[in-house]
Amino acid sequence: MEDFIKSAKKVLLGNKKKGYTLPTNNKLYPAQWNWDSGFIALGYSHFKLKYALDEIKTLIRGQWKDGMIPHILFHDLNTNYYPNHSVWACGNKIHSSGITQPPILAIILKLILDKKRINKKDKPEIKKIIKGILKYHKWFIKFRDPNNSGLVSILHPWESGYDNSPLWDDPMSKVKVPKNLKYKRGDNKVVNPEYRPLDIDYDRYVTIKNHLRENNYNPKKLYKASLFNVVDVGFNSIFLRANKDLLKLLNTFNLQSAEIESYISRSEIKIVKLYNQKKKIFFNIDVRNKKKINIPSITHYFILFADLKNKVLNNKIIKNLKKHSSKEKYLLSSVKPNHQKFEEKRYWRGPVWINCNWIIYQGLKNKNIKFAKQIKRKTINLVKQKGFNEYFSCKTGKGFGATNFSWTAALFLDLILENKND
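Listed below in structure tokens is the structure:
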């Protein structure tokens, strides 16, 4: 096992830049990604706490004045990545994208602080980070839930983190692509195109992005004006868990937020209403087109991560998850193999993702430890057998996408070392 731990550390250190870490060491993702950095920081915390805190501090440094933390920070401006900093044309202090990603920073920081004794000299910096995260969460509540319902919206599929999921097919189909749309994607030149989104999907991604830029990324205006507005169960599950962890972090540093506290209560009530009792699945809401999205996805099981107080519902979800995974050799497929939308190799449309397994494992630990340990064991074995790939076939275990993938290495480390006094 020591050799695998060394290899995982080598992946992270091989992708490391000054103050941040690339998702991989090729040209596929030549920048800093928001939730990637969260997972990466957790991995670093097991052997180099300074690198973990640096990773998070750099993200906070790129925070916009209104509170948003972008999904990409462009530190190196000399890349062929599309869309690059000049295409987004925005940022505060650091060039960035104009959208966000799942807000996992509070969750990650709490996990790190729960296990690590922090030096007194680091406490002011950590307090500053927590204040930055609070500002970020308040941005979500203010601009992505202006009606104060308890559920936030995403305004681009990229914001979900699971960009090419079938969850977005229907709302994306309503996006009209202009005839004069011009751009040059590079992702399908770096890795096999059959692993990546189709051209029509990318056309729609770019159309939505262009519309956001045309509206100067105005968060107040874009909630109603955006070409894409979806309330997603997985995203809201992460946000609910993040708010709970943020509240605990605030208390630790003698800080308070009545706004976060009351929002947690609303979210607990509202998110449960997205459960379809008859079909025994969660649904998303296409806010723009006023429709339910009834596509099953592994990300719906992120609800376990939210730690709802509703034990009856939790047990139903666990039962469904067992059915989802019962015939799978390699857990957990992002879309079930028997579903019409399943694609074994394509980005988020079937493959296994280590971060999804990690999130669900974390959610199961205090609800069904036996099942949690099964997922943990199979996840560790998958990486040991197939390598630190971006994602994997649920049928053969074959790795797809990028190699030397940072969050795969980081979360592999966390799964192995979580209970050790490292």
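Numbering (this note's numbering), first residue to last: 210 to 631. The beta carbon of each residue, even a glycine, is placed where N, CA and C say it ideally should be.
CB-CB under 7 Å to residue i, same chain, minus the five flanking residues each way: which ones, in chain order?
i	result
residue 258	325
residue 368	280, 308, 309 and 310
residue 400	237, 610 and 611
By how many angstroms is the C-alpha of residue j removed from the C-alpha of residue i?
i	j	result
residue 538	residue 559	13 Å
residue 609	residue 595	10 Å
residue 280	residue 366	12 Å
residue 429	residue 352	6 Å
residue 628	residue 382	46 Å
residue 316	residue 434	31 Å
residue 618	residue 625	11 Å
residue 373	residue 329	43 Å
residue 580	residue 573	7 Å
residue 566	residue 387	38 Å
residue 407	residue 397	9 Å
residue 385	residue 436	9 Å
residue 293	residue 422	13 Å
residue 502	residue 426	26 Å
residue 482	residue 331	42 Å
residue 236	residue 287	11 Å
residue 512	residue 348	22 Å
residue 525	residue 576	12 Å
residue 597	residue 296	31 Å
residue 534	residue 600	17 Å
residue 211	residue 405	34 Å
residue 520	residue 585	22 Å
residue 506	residue 376	7 Å
Using alpha carbons as the reference points, say which of the options lies closest to residue i.
i	options	result
residue 461	604, 249 and 323	323
residue 622	544, 563, 389 and 244	563
residue 268	314, 297 and 319	314
residue 222	260, 212, 530 and 242	260
residue 457	498, 592 and 473	473
residue 515	452, 277, 553 and 239	452
residue 568	444, 613, 535 and 614	444
residue 518	476, 333 and 493	476
Please list, in chain order, all residues of the same chain as residue i whose beta carbon is under 8 Å from its beta carbon, the five residues on each side excluded.
i	result
residue 343	455, 459, 464, 466 and 469
residue 487	none
residue 478	359
Output the boundary residues of the alpha helix (DSSP H) element that contains residue i.
i	result
residue 633	Since the first residue shown for the chain is 210 and the last is 631, residue 633 is missing from the structure and cannot be characterised.
residue 246	243 to 253
residue 341	332 to 352
residue 615	615 to 626
residue 546	Unbroken run through residue 546: none, as it is neither H nor E.
residue 418	408 to 423
residue 472	467 to 481
residue 583	578 to 595
residue 187	Residue 187 is absent from the model: the chain starts at 210 and stops at 631.
residue 518	That residue, residue 518, is in no alpha helix (DSSP H); it is neither H nor E in DSSP.
residue 213	211 to 224
residue 366	366 to 369
residue 260	258 to 270
residue 294	294 to 297
Got a sec? Which residues, its chain only, sit under 6 Å from residue i by beta carbon, not counting five neighbours each side?
i	result
residue 217	618, 621 and 622
residue 250	261, 264, 265 and 317
residue 432	355
residue 491	442, 483, 484 and 509
residue 213	593
residue 489	529
residue 420	436
Counting along the chain, where does the beta strand (DSSP E) carrying residue i start and finish?
i	result
residue 502	500 to 502
residue 495	493 to 495
residue 317	Note, residue 317: premise wrong, no beta strand (DSSP E); alpha helix (DSSP H) at 314 to 324.
residue 304	303 to 305
For chain C, is any of its Cβ atoms less than 8 Å away from the one on residue i?
i	result
residue 230	No chain C appears in the structure shown, which is made up of a single protein chain.
### Query
Are the region 411 to 419 and the region 381 to 397 touching by the rule of at least three beta carbon pairs closer than 8 Å?
Judged by Cβ distances under 8 Å, the region 411 to 419 makes contact with the region 381 to 397, as three or more pairs qualify.
### Query
Contact between the region 301 to 309 and the region 225 to 235: three or more CB pairs below 8 Å?
When C-beta atoms of the region 301 to 309 are compared with those of the region 225 to 235, fewer than three pairs fall below 8 Å, so the two segments do not count as touching.
### Message
Measuring CB atoms only, is the region 538 to 552 touching the region 601 to 608, in the sense that at least three cross pairs come out at less than 8 Å?
### Response
With a cut-off of 8 Å on Cβ pairs, the region 538 to 552 is in contact with the region 601 to 608, counting three or more such pairs.
### Message
Quick test of the definition: if touching needs 3 or more C-beta pairs under 8 Å, does the region 443 to 451 touch the region 391 to 409?
### Response
The region 443 to 451 vs the region 391 to 409: no contact.
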